[in-house]
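4 protein chains.
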Amino acid sequence: MAAVNESAAGAGTGSETTAPAPPARRDPERTRENILRAALAEFADKGLGGARVDEIAQRAGANKRMLYHYFGNKEDLFLAVLERAYERIRGAETRLHLTELEPIAGMRELIRFTFNYLVEAPHFIRLLNSENLHQARHLKKSKRVRELHSEMLAMIGDLLRRGAERGDFRDDVDPTQLFISITGVCYFYFSNIHTLSTIMGADLSAKAALQTREAHAIAVILGYLRP
Amino acid sequence: MAAVNESAAGAGTGSETTAPAPPARRDPERTRENILRAALAEFADKGLGGARVDEIAQRAGANKRMLYHYFGNKEDLFLAVLERAYERIRGAETRLHLTELEPIAGMRELIRFTFNYLVEAPHFIRLLNSENLHQARHLKKSKRVRELHSEMLAMIGDLLRRGAERGDFRDDVDPTQLFISITGVCYFYFSNIHTLSTIMGADLSAKAALQTREAHAIAVILGYLRP
Amino acid sequence: MAAVNESAAGAGTGSETTAPAPPARRDPERTRENILRAALAEFADKGLGGARVDEIAQRAGANKRMLYHYFGNKEDLFLAVLERAYERIRGAETRLHLTELEPIAGMRELIRFTFNYLVEAPHFIRLLNSENLHQARHLKKSKRVRELHSEMLAMIGDLLRRGAERGDFRDDVDPTQLFISITGVCYFYFSNIHTLSTIMGADLSAKAALQTREAHAIAVILGYLRP
Amino acid sequence: MAAVNESAAGAGTGSETTAPAPPARRDPERTRENILRAALAEFADKGLGGARVDEIAQRAGANKRMLYHYFGNKEDLFLAVLERAYERIRGAETRLHLTELEPIAGMRELIRFTFNYLVEAPHFIRLLNSENLHQARHLKKSKRVRELHSEMLAMIGDLLRRGAERGDFRDDVDPTQLFISITGVCYFYFSNIHTLSTIMGADLSAKAALQTREAHAIAVILGYLRP
DNA sequence: CATGAATGAGATTTCATTCAT
DNA sequence: TATGAATGAAATCTCATTCAT
């Protein structure tokens, strides 16, 4: 093999990255959007190091120069993609309206959402994976992302407080730790799905396997939360 | 900036990769070992794509040509490093003798071990992270790694059975799922420590944060296992 | 493919290069001979530039160092192989005893021999091919090869003279030119057999094609020689 | 000596490869053409394996990267050079208008052309030589070259038919075989000119030698064709 | 006589980015 | 705004040859 890169063919990027959209001559907004989507797909497929600027431009049906025009350079483009990905998941989360649900139902819904979001947005995991390999070098430059999680943590805190008051939940749970555990129980399964599948000799992405895992994740968290 | 790679300087690789060991002229075994250790450090620092063959040779105090002599090429070297890493964690696990402990104590010990192994071997996470970016392309070629986890699963199964018999644990727990959950609750914290720290505005690698997290991980799993 | 070389896999080298012969410890003559045969095969397969010293040593079942011990370096080894190849064809030629045959029969035998020698010793063509690419750089250093052809030319001269005297042949033929024409009519077919086969969309190495060609070569030369 | 390659300095490439032409900034067509010409010269000088990509770029006055931009890689560039060489000789052939000449005159003209083309285009021989060392690996990928020879064969067939009708030629001659013989009688002289010159202790590229050989080639073919 | 580990120079190829139009 | 040709630096990998044993 000639060159080794971070490539991981066929990782898929969900429905966000469909056709590159028509060439869009003289439509700056369209061009910018095309590049961003193409970059999301490419970075998710191959990681930051493995992604190719030429490939992104081609996927976007745009000229390479435009990429630099709109985003500065490859790394800044990566950050833009990251921010976009975080915005998406936040948008989805806020639409859950967990505060309107009873504690146990709300908690179950939150776990379900977390699990299924990762099922449908594998690119998100791959982006975070890449970014952590780089020690969050890019994210640290972002001003917007820091505030993204306060809302989520507030929601979890609200569920925990209401649940404890009603006697549904134990009362010694820290929202931040629980958030990490919920995510971890779901995320690790997907972030390491290839090595786990290989080691266990099973296809963890099969539909049945996913259902089993989702049920287990819910059982672990709710089981822990019992008073 | 000229070339962007998967570099993430100063990630550290634990105590395994100390000095490159004396030049060791005409000591094939030593040379091979030096290269393997240097590669572990380099791959963990920078990922597969970001690692530089020249750098590995230099770290190993060996000639670049030797790397190809002993390992074929960069990717096969990466696989050798992966196998070595898996062997290490397995070796540590078998030394736990969990079957000799009471169920709850054994389970607590297992979680503790899992958590602290990741604290002390951050390179392991980074290697798995890289390998999953590549969809376990290398690991799939390995014949040895598949059997590594059967022992661990047997141990967990033994703990669960004994615990259920004594009334310490609930009796509906699947060992494989639990293994993934234990690992996930610990692993995610470390694999995403940089993005999490950034988003939360806190240093999750601080000693106090680690202690809090370890206690929480134990609480989640043991809480869930309550009958 | 990683590196481009003069390789031409599976060109075959006839019966001279059979098994590498037993390791031959402490049998200098045997070792030398093994290396020479292995080199013949390797050079014929891949040309001078494409041949690999390691490969030759391996084919010979000998240590690489021995190669340098006996032959100095790669280029001198190539020359040794060339000389050996020329000696072989000369040996075969002198065994023809053309001077004992009638002119027409002798000439036919000579063409037949030339044609069939090339059929059975494709390595010879490939060695000459390589050497001419290098402008006979090696052969020019050889003291032995220059005298090799005087005998052949004398034989042809003898055939021509006797044939002209009997009225079988025209009497204006230069032996040297005829030698080149006989060889050329046969040689070109084989030296360019791959490009010719490709261009003509036929397999010129098929048995029927060879028979047709041999008959034609004889017809051309004997037709020309008619008085 | 460090590395041995297929180099054969100073082989010359005829008048096609003169000066590298002005740098030609921002003239893609010119750049492409410059690279192609430089590659022709370099490949003819040193063979496929011996040719150096750096050297080609330098000869072309172009950046090395452009070579890959326009031709993919070294081997594909070699194929492009081969196709170009075949196109040239075909173009020259069709300009002969042999069908307008009387059979004997036409045949003589064809032999003359073949002989003199090889005199003036030694690079053509060296390219074919290289390609045959590689078993026409590249040419087999070409779609265009297969049809190049049908025209030539048709011309020869036409000459033979007309000649036989007029009683100038014998009537049992296969055009394909004759084509190979004409080319062989000329080609071998040049393809092996270095080894032949060495063995015979004469300079076969001297003007007198060339004239002698040309006359002989014509005599052989026309002598054979006599009814 | 024999081994194979070690080496330095250099090969092809890749890539993010800039420049001329 | 948009194009894609051009670039320099650096990456992986190769190879004939020598050295220590």
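Protein sequences, first through last, are from chains A, B, C and D. The first sequence runs 191 to 417 under this note's numbering. The second sequence runs 191 to 417 under this note's numbering. The third sequence runs 191 to 417 under this note's numbering. The fourth sequence runs 191 to 417 under this note's numbering. Note that the Cβ used here is the ideal one computed from N, Cα and C, for glycine as well.
As assigned by DSSP and simplified to three states, the class of residue i
i: residue 468(C); result: Since the first residue of chain C shown is 191 and the last is 417, residue 468(C) is not available in this structure.
i: residue 394(D); result: coil
i: residue 227(D); result: helix
i: residue 251(C); result: coil
i: residue 239(B); result: helix
i: residue 263(D); result: coil
i: residue 287(B); result: coil
i: residue 244(B); result: helix
i: residue 277(B); result: helix
i: residue 293(D); result: helix
i: residue 417(D); result: coil
i: residue 412(B); result: helix
i: residue 406(B); result: helix
Of the listed residues the options, nearest to residue i (C-alpha basis)
i: residue 272(C); options: 305(C), 314(C), 254(C); result: 314(C)
i: residue 355(B); options: 404(B), 292(B), 400(B), 376(B); result: 292(B)
i: residue 366(D); options: 402(C), 332(C), 397(C), 359(C); result: 402(C)
i: residue 284(D); options: 299(D), 363(D), 342(D); result: 342(D)
i: residue 377(C); options: 260(C), 277(C), 302(C), 339(C); result: 302(C)
i: residue 331(B); options: 404(A), 389(A), 221(A), 236(A); result: 389(A)
i: residue 287(C); options: 394(C), 346(C), 408(C), 405(C); result: 346(C)
i: residue 405(B); options: 362(A), 404(A), 289(A), 412(A); result: 362(A)
i: residue 297(A); options: 369(A), 222(A), 230(A), 229(A); result: 369(A)
i: residue 289(B); options: 344(B), 281(B), 305(B); result: 344(B)
i: residue 276(A); options: 236(B), 385(B), 299(B); result: 385(B)
i: residue 222(B); options: 233(B), 231(B), 261(B), 232(B); result: 261(B)
i: residue 348(C); options: 305(C), 408(C), 300(C), 393(C); result: 300(C)
i: residue 392(C); options: 351(D), 337(D), 282(D); result: 337(D)
i: residue 316(C); options: 413(C), 408(C), 234(C), 407(C); result: 234(C)
i: residue 395(D); options: 294(D), 408(D), 353(D), 309(D); result: 309(D)
Inter-residue Cα distance where the pair is residue i and residue j
i: residue 320(C); j: residue 323(D); result: 8 Å
i: residue 252(A); j: residue 328(A); result: 24 Å
i: residue 307(C); j: residue 372(C); result: 13 Å
i: residue 264(A); j: residue 217(D); result: 28 Å
i: residue 326(D); j: residue 269(D); result: 10 Å
i: residue 382(C); j: residue 318(D); result: 7 Å
i: residue 256(C); j: residue 239(D); result: 26 Å
i: residue 245(A); j: residue 335(A); result: 27 Å
i: residue 411(A); j: residue 220(A); result: 43 Å
i: residue 398(A); j: residue 280(B); result: 29 Å
i: residue 242(B); j: residue 247(D); result: 27 Å
i: residue 227(D); j: residue 254(A); result: 30 Å
i: residue 400(A); j: residue 230(B); result: 33 Å
i: residue 380(A); j: residue 225(B); result: 32 Å
i: residue 415(C); j: residue 417(D); result: 13 Å
i: residue 237(C); j: residue 267(C); result: 13 Å
i: residue 340(B); j: residue 250(A); result: 46 Å
i: residue 358(A); j: residue 311(B); result: 38 Å
i: residue 364(C); j: residue 274(D); result: 37 Å
i: residue 258(D); j: residue 387(D); result: 39 Å
i: residue 413(D); j: residue 360(C); result: 10 Å
i: residue 232(A); j: residue 374(B); result: 27 Å
i: residue 409(D); j: residue 294(D); result: 12 Å
i: residue 305(D); j: residue 278(D); result: 15 Å
i: residue 407(D); j: residue 333(D); result: 33 Å
i: residue 352(C); j: residue 350(D); result: 33 Å
Could you name each continuous alpha helix (DSSP H) segment of 4 residues or more that falls completely within the stretch 310–393 of chain B, going from the start of the chain to the end?
312–323, 338–356, 365–381, 383–390
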